[in-house]
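Enquirer: The structure is given below, and queries will be raised subsequently.
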Amino acid sequence: MKSIIKHDSSTPPRLRTLRRNGLARRYLFSALLIALVPLGLLAIVYDTQYVRALDKVTESRTNARLSGAENLLRTFLEERIYELEGLADIPEVFEWLTAAQPGDTPNRMMLSQLRQQLDSPHIYGVVTKPAQFDQPEWYVTETLIKDVSWRTLPVTRFEGAELLGPALPTPERPGWIILRLSPTGFDPAPEAWIGLVIRLASLTEQVQDLTLPGLQTPLLVPPQNVLLTSVGSLKPPGPPSRKDINSRDFIEGWHIRLQWLGDPLLGPLESARFGLIFLAIGAALGVIFLSRHLSKRLDRQVTPLIEGADRVASGDFDTPLGIEGTAEIGYLSFALERMRLRLKRLVKSMVDVERRAILGQFSAGVAHEIRNPLATIKTTIQALSRKESDPKRQKLMESVDHEIDRVNDVVQLLLDYARPREAKARKVNVLDVVETVKILADAVAHRHDVELIQVEHPPVFAWADPSQVRQIVMNLVMNAIQALEGIGGKVVIRIRQQGLAVYVSVSDNGPGVSADHLSHLTEPFFTTKTNGTGLGLAICKQLAQANQGTLRFQSIPGEGLKVTLQLPLYLNNSILE
Amino acid sequence: MNRVRIRYLYPSVLFLSAVYLLLLSTPQSAAEALGAPEEQADITVGCLYPMSGRAGVLGRDSVFGIRLALKYLEDHASPDSPRLRILLGDTKSKRSTAATLASRFIEDEGARFLCGVVNSSVAIEVTSIAKSAGAFFIGTDHASSRLTGEFFHDRYFRVTNDTRQSMTAGALFIKDYFADHLAKKPLRISYLGPDYEYGYQVWTDFREALARFGVNYEIAGVLWPRLSEPDYSHYINELIRQKPDLVVNSLWGGDFVAFVTQATDTQLFRTSRFANFEKGGDYEIFAQLGDKMPLGLLLASRHHNNWPDTEFNRWFVDEFQRKAGYYPSSGAQGAFTGIVAIAEAVKNAGANYKDLAAIEQAFEQLTLTTPEDPAGFQSSMDPDSHQIRQVMAIGETVPDERYPPAKVMLGNWHIYYPSELESGLTKTE
C-alpha cells in the first residue's frame, strides 16, 4: 500500500512508522475484520444447519419409514392370501379344482363365488387350474392377459402361497401379479391351484407415503429388476445415484428403492450455499479494492497538502496549495490555503510596518539634515541670482533653484510617507474632485498628446478627506499620462457607486504592467520610470488605507493599466467627526 | 326408573333396527316397479343401474329418464303400443349384485328385456346372463365397444354411443384442432383411464382411430387409477412430469369431478391441453363443479342439455327439470331412449309380444328420433353391430349460466356425423 507520506532514505524512522500505521491500512484491516468475521460465522452456521437438515430429511427416519412400507406391502399380500384361502375352501371351488375333467365348465354357484371376488378394487380377476387341466381357466378381461405367457412369469414364495409375476405394464394395459394357492396348501409343483389376478398398482401404491416431493421417489423393484413407480407404471432406468436407498427384500426378489431426485429442491439450496461462499469471497475482495481505492485517493489529496504545508513552513507564502479533495480533505485544503494567505498578509504587513518605521526614522533624520542646508542654499542661490547679470549663470542658478525644489519635494514625500497626515473625513463630492483634477491635468495631457476622458456620472459623495482624495486621484491620473508619454493614448476616468462604496477608476491604454510587477507597484521605491521616486503609489495606498479605502490594480500587458480607488460611501448617519 | 325402562326396551329396539336394515338391504327391484302392473303388462323390462356411490347420480337420473319415457309413450300411445312394466334394480356398481339381479329379473319376474348398466365390466356380466337366458339386453349407458364385438350376441342392442364412436370423433377432432401442431411434429399424448374394462377399451379404440386417420402422435405415458380412486395427486404429478401436449382422460362421473377438483389447484391445465371425449362433458360434472370448472377443456358426452337446439331436446331437458327439480345428466337420456326404443321395436314387431325373433329383427331395423339428434337427423340401429348410429358433438368449456347450478357448459361445437366417423373403417366379419 502506498503511503500518504513520501519519503526517501533520509525519511526519519518516525515517518516510516507512520507509513506502516497509515489510516487506509488500518481501515482495510478493520473493514476486513468487521465484514468477514460475521459473514464467516454465518456461512459456518448455515452450512452446519443445512447439512443437519439434509441428514434429518434423508436419513434419520428413512429406515423406520422403509420398514413401515415393507409391512404395508406384506400386509396387503397377506390380506389377499386370506381372501384366496377363503375362496379355495369353498366346496364348489375345491371340487372344481380337484375333480373337474377337461371340457367341464364351472357351475353357477362357483361362478357366483368368483364374481364376489371381482368386486374388490384390487382384484382384476380369478384364475383356476384344475388338476386335470393343462391350461388354467381365466376369469379376467382378455385385454389384461393378451400376449402374456403365465409360465414365463417369475415365481416367488410368500407365506405358503406363490407370487407369479409381475406381468409388467405395457402401453396397452396395466401390470398385474398372480397370487396362487393350492387347495391343500402350497405344493412345490402344484397340479391344482387357484389364483387372484391382483392389480399391480394396488401393490405399488402401498409405498406412496415414502414420497418426498422433489426430493425422493419410492420405486418397487420386482425380480425382473425393473423400476415400478407408486402408480404402477414402468420408470425408464436412469443413472443410479449414490444417495439412492435400497431396502432389504420384503419378499424374495422384491425390494423398495428410494430414488434420490435431489435437484428440484436441493438445487436452489446448493446454489444458496455456494452463493454464500462466493458472497464472502466477493465481500473480502470488495473491501480490499475499496481500501486500495481510498488509500490512493487519500494519497492523491493529502500529499499536495503536506507538500504545501512544508513550503509554507519553509517561508514560501506565494505558491498556492492547489485546493483539491472532497469532503473533509477539501475543507482541510481550503482552511490551509486561507492560513497561507493570512500568513502571507501578516508577514507582509509586519515587514511593511518595520520598513516604514525604519524609513520614518531615516527620513526624519535626512529631512532634518538636508532641509536646513537646502533652505540656506536656496536662499543663497536666489540672492545670487538677483545680482547675476550673465544670462548663462542666471540660467544655471535657476536650475539649481529648481533642483533644490525637487530635492525638497522628495524629502517632503519621504516625510509624508514616514509620517502620513491623519485623514479628516467629511462629505466629499467625488465628481467635483475628479472634475478639478481633470481641469488641472488637461494641460499636461494635451502636452503629452494624451486624451483625458471623464465618463459622465451624476454627483456621488464619499466619506473621506477631500484633499487626500484629490491627491490620490491626481497622482493616478498623472501616472496614467506619464505611462503614455511619447506614445500618446487615452486616459479614462470613471466614477461608479455600488453598494456602500464609491469607486474611481483611472485606466489607460498604455503598455501596462507585467504580472510580476503588479504586486510590487505600491511598495516604496519600486518604480518602472527612469526618473520616478517609487513613492507616489506607496503614498496613494497609504492615503487610501487612511480613508478606509483600497487601491486595486488590474493590467493586461500591452493593453494598459487600470487602477481603482474604493472609498466608503457617504451616508446620512455616517457623520462621526 | 327411565333407565330401567330403556334397558328393557333396548333388545326390542335392536331387533327392529336389524329388521329395518334388512329391508333396506333388499334389492330395490323387489320393491320398485314402474309402468303397467304385472297383470296388465305386455313386456317386463328389468333395468339395472347403480343408485348409490359416485355413479349413483347416473342411476337416479336414469330412473327419471325412464319415468319421462313412460310419460312420452303414454302421450303418443297408439292402439298397438305395448304396455311396459319396468323393474328397477340397484347394482351398486358390483358385478355380483348385477348378475344376481339380472338372473332374478329373468327367472323370477319373467323379464324378457334387461336394460341399463353404467359400468362396462358389469355390462359384460349382464350380457352373458342375457345371452344364456335368451333375453334382450338394451345398453343405455355403458360404452365399451367389446360388448358389440367380442361379447356380441343377437339380442344385445346399444342405444347410446360406444367408446369406438366417441374416440373416433375424438381422433377426428384432434386431427382438426391440432392441425398446426401436427404439421410440425407429433402430438405427445398422455392417457389416464379408469383401471377396468372401459378404460382399456377407450384407449384401444382411441389409438385405432388415430392410426386410421393418420394422426401423428407419441405416447408420453399411460396411467390407470382404479375406479373410485380417492386421491389423484400422484397421477396428476406424474402427468405434469410427463409434459404431454394433450392429456386424454376417460374418467367419468364422480371420479372425473374428483380429478378435475384436484387438478385445478395444480399446473396441469396450464401446461397441457386436456380432453375427455367420452363422459367429461356430462352435465352432472358441470353441476357439481360450478364455478370451479376450468374453461377451455375439450369435452364431449352422450347427451348435452344445450345441444342440439331442437324442440325435442328442449322438451326433454325442461320436462326433466320440471319433474326432478334439476337438469339431467346424460344417463337420463340414455335410459329414456332405451325404453322408447324397446317400445318402438316391440310395436314394429307386430302384436305378438312373445315373438322374440320378430322383435330382434325390428330392433335391427330400428330408426328413432332421440333428444340428442340434431334437426334433420334420425338415430338408426346398425344391423351388423347392434350399435346405434348417432351424431357426435365435441365442445370446449365456456361460461354459460343458463343451467344452474352449472356455471360452465360446452360451446364452440365440432359436430361429426356417422358417415364421417365410419370413413376408412373396414368392417370385419
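Which chain is which? The protein sequence lines are Y and S, in order. Numbered by the numbering used here, the letters in the first sequence go through residues 8 to 584 in order. Numbered by the numbering used here, the letters in the second sequence go through residues 6 to 434 in order. Using N, Cα and C, we set each Cβ at its ideal position, and we do this for glycine too.
Tell me the rounded alpha-carbon separation between W103(Y) and E223(S).
Expert: Between W103(Y) and E223(S), the C-alpha separation is close to 46 Å.
Enquirer: Need the endpoints of the beta strand (DSSP E) that K284(S) sits in, please.
Expert: Run containing K284(S): none; DSSP gives neither H nor E here.
Enquirer: Under 8 Å, Cβ to Cβ, is there at least one residue of chain Y near K99(S)?
Expert: It does; some Cβ of chain Y falls within 8 Å.
Enquirer: Determine, using beta carbons only, whether A38(S) and L92(S) come nearer to each other than 8 Å.
Expert: Contact: yes.
Enquirer: Report the partner residues of F560(Y) according to the DSSP bridge assignment.
Expert: V570(Y).
Enquirer: Output the boundary residues of the beta strand (DSSP E) element that contains K434(Y).
Expert: K434(Y) -> beta strand (DSSP E) spans 433-436.
Enquirer: With a CB to CB cut of under 6 Å and the five nearest residues on each side skipped, what residues in its chain are close to A214(S)?
Expert: Cβ within range, chain order: M172, T173, A176.
Enquirer: The alpha helix (DSSP H) that contains L391(Y), what's its start and end?
Expert: Unbroken alpha helix (DSSP H) run through L391(Y): 334-394.
Enquirer: What does D126(Y) touch in chain S if you count any residue whose Cβ is under 7 Å from its own?
Expert: The contacting residues are K99, R100, S101.
Enquirer: State buried or exposed for T333(Y), treating a residue as buried only when at least 16 other CB atoms are found within 10 Å of its CB.
Expert: Exposed: under 16 other Cβ atoms inside 10 Å.
Enquirer: In whole angstroms, give me the CA-to-CA distance for P229(Y) and V134(Y).
Expert: If I take the Cα positions, the gap works out to 22 Å.
Enquirer: Using a Cβ-Cβ cut-off of 6 Å (strictly less than) and excluding sequence neighbours within five positions of R477(Y), which residues of its own chain qualify?
Expert: Only V440 meet the Cβ criterion.
Enquirer: By the 10 Å Cβ neighbour count, where 16 or more other Cβ atoms means buried, how is E289(S) classified, buried or exposed?
Expert: So E289(S) counts as buried.
Enquirer: Would you list, in chain order, the members of the stretch 216-245 of chain Y that have their beta-carbon closer than 8 Å to a beta-carbon of chain S?
Expert: The stretch 216-245 of chain Y vs chain S, Cβ under 8 Å: T218, P220, T236, S237, V238, G239, S240.
Enquirer: Closer than 8 Å between beta carbons: that is the criterion. Which residues of the stretch 166-179 of chain Y meet it against chain C?
Expert: As a matter of chain content, chain C is missing from the structure shown, whose protein chains are Y and S.
Enquirer: How would you write the range of the alpha helix (DSSP H) that S321(Y) sits in, first residue to last?
Expert: Unbroken run through S321(Y): none, as it is neither H nor E.
Enquirer: Is it true that the CB of V123(S) sits closer than 8 Å to the CB of P55(S)?
Expert: Contact: yes.
Enquirer: Determine, using beta carbons only, whether S233(S) and R59(S) come nearer to each other than 8 Å.
Expert: Cβ atoms of S233(S) and R59(S): closer than 8 Å.
Enquirer: List, in order along the chain, the chain Y residues whose C-beta lies closer than 9 Å to that of V227(S)?
Expert: Ordered by position in chain Y, the residues that pass the 9 Å Cβ test against V227(S) are P176, T177, P178, E179, R180, P181, S240.
Enquirer: Return the CA-CA distance between R362(Y) and P380(Y), expressed in angstroms with no decimal places.
Expert: The straight-line gap from Cα to Cα measures roughly 27 Å.
Enquirer: Evaluate F264(S) with the Cβ neighbour count: other Cβ atoms within 10 Å of its Cβ, from every protein chain shown; 16 or more gives buried, anything less gives exposed.
Expert: When all chains shown are included, F264(S) counts as buried.
Enquirer: What residues match up with V441(Y) in a beta bridge as DSSP calls it?
Expert: Answer is none; V441(Y) lacks a bridge partner.
Enquirer: Across which residues does DSSP place V5(S) in a beta bridge pair?
Expert: Look at the range of chain S in this structure, 6 to 434, and you will see that residue 5(S) is not part of it.
Enquirer: Would the beta-carbon of F261(S) fall within 8 Å of that of G226(S)?
Expert: Result no, Cβ atoms of F261(S) and G226(S) do not sit closer than 8 Å.
Enquirer: Does the stretch 166-185 of chain Y touch the stretch 198-210 of chain Y, meaning 3 or more C-beta pairs lie closer than 8 Å?
Expert: At 8 Å Cβ cutoff, the stretches touch.
Enquirer: Just grab the DSSP bridge partners of T392(S) for me.
Expert: One point to set straight first is that residue 392(S) is Gln, not Thr, in the sequence displayed. DSSP, once it has assigned bridges, lists R163(S) as partnering Q392(S).
Enquirer: Name, please, each residue of chain Y whose Cβ falls closer than 8 Å to the Cβ of T209(S).
Expert: The contacting residues are T150, E179.
Enquirer: What is the rounded straight-line gap between the Cα of P176(Y) and the Cα of P404(S)?
Expert: About 40 Å.
Enquirer: Could you name the residues of the stretch 189-205 of chain S whose beta carbon sits closer than 7 Å to any beta carbon of chain Y, in the order they occur along the chain?
Expert: Residues passing the 7 Å Cβ filter: D200, E202, Y205.
Enquirer: Taking DSSP's pairing of strands, which residues face D95(S) in a bridge?
Expert: Y54(S), per the DSSP bridge assignment.
Enquirer: Taking DSSP as the reference, what is the three-state secondary structure of M481(Y)?
Expert: It is helical.
Enquirer: I need the boundaries of the alpha helix (DSSP H) containing Q170(S), first residue and last residue.
Expert: 168-182 is the span of the alpha helix (DSSP H), which, as asked, contains Q170(S).
Enquirer: Given that E130(S) touches chain Y, what residues does it touch there, using C-beta distances under 9 Å?
Expert: The answer, in chain order, is R122, L125.
Enquirer: Taking 8 Å as the CB-CB cut-off, is A208(Y) touching chain S?
Expert: True, the Cβ-Cβ gap to chain S drops below 8 Å.
Enquirer: In whole angstroms, what is the alpha-carbon distance linking I365(Y) and L353(Y)?
Expert: Answer to the nearest angstrom: the Cα atoms are 18 Å apart.
Enquirer: Could you tell me the distance, in whole angstroms, from the CA atom of A71(Y) to the CA atom of S254(Y)?
Expert: Looking at the two C-alpha atoms, the distance is approximately 11 Å.
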